[in-house]
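Just so you know, we're using the working numbering here: the sequence shown kicks off at 5 and counts up by one. For each residue, glycine too, the CB sits at the ideal point set by N, CA and C.
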Amino acid sequence: MEKLKKEGTEDSPGVILDPGNKIMEISGRSLPEDVATFYEPILSWLEEYAKEPDEVTVFTFKLDYFNTATSKVLLDILVIFEEMIEKGHSVNVRWFYDEEDEDMKAAGEEYSEMVDVPFEMICTT
Numbered sequence: 005m006e007k008l009k010k011e012g013t014e015d016s017p018g019v020i021l022d023p024g025n026k027i028m029e030i031s032g033r034s035l036p037e038d039v040a041t042f043y044e045p046i047l048s049w050l051e052e053y054a055k056e057p058d059e060v061t062v063f064t065f066k067l068d069y070f071n072t073a074t075s076k077v078l079l080d081i082l083v084i085f086e087e088m089i090e091k092g093h094s095v096n097v098r099w100f101y102d103e104e105d106e107d108m109k110a111a112g113e114e115y116s117e118m119v120d121v122p123f124e125m126i127c128t129t
């Protein structure tokens, strides 16, 4: 599959979806003006990837901040992973948060309870 890469900006996250190099990551701040337009190609790419995923998919979230509109899209991404698991594929989510950012830690914990996807909570300093 072709890789998808978007450079991060002040308001939108960096995205690397590169299964060939085993890198699948969203990082930075996510408060794009038009969340649907920003994330549509990412969701489409993931839906296509889910049809023939790698043996093991490790997806990393390294978000510093995300707005309410983004939170819905993050759940949509996690639901795609949940459906992959239901079809017998292996998916692991790595959720990074700063040790001083209780909100980001809580968000990861809440997502991990909402979907049946293995979460690895990783505290950074």
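Same chain only: Cβ atoms within 6 angstroms of residue i, ignoring 5 sequence neighbours per side
i, result
"Ile20", "Lys9, Ile27 and Glu29"
"Thr61", "Val95"
Residues of its chain near residue i, where Cβ-Cβ distance is below 8 angstroms and the 5 sequence neighbours each way are ignored
i, result
"Arg33", "Gly12, Glu14, Asp15, Ser16, Pro17, Leu67, Asp68, Tyr69 and Phe70"
Coarse secondary structure for residue i, derived from DSSP in three states
i, result
"Leu67", "strand"
"Val77", "helix"
"Gly92", "coil"
"Gly32", "strand"
"Pro45", "helix"
DSSP beta-bridge partners of residue i
i, result
"Glu101", "Residue identity check: residue 101 is Tyr in the sequence provided, not Glu. The partner list for Tyr101 (beta bridge, DSSP) reads Cys127."
"Lys9", "Ile20"
"Thr61", "Val95"
"Ile27", "Asp22"
Straight-line Cα distance separating residue j from residue i
i, j, result
"Met108", "Tyr115", "11 angstroms"
Sequence-distant residues of the same chain with beta carbon closer than 7 angstroms to residue i, five excluded per side
i, result
"Asp120", "Glu86 and Ile89"
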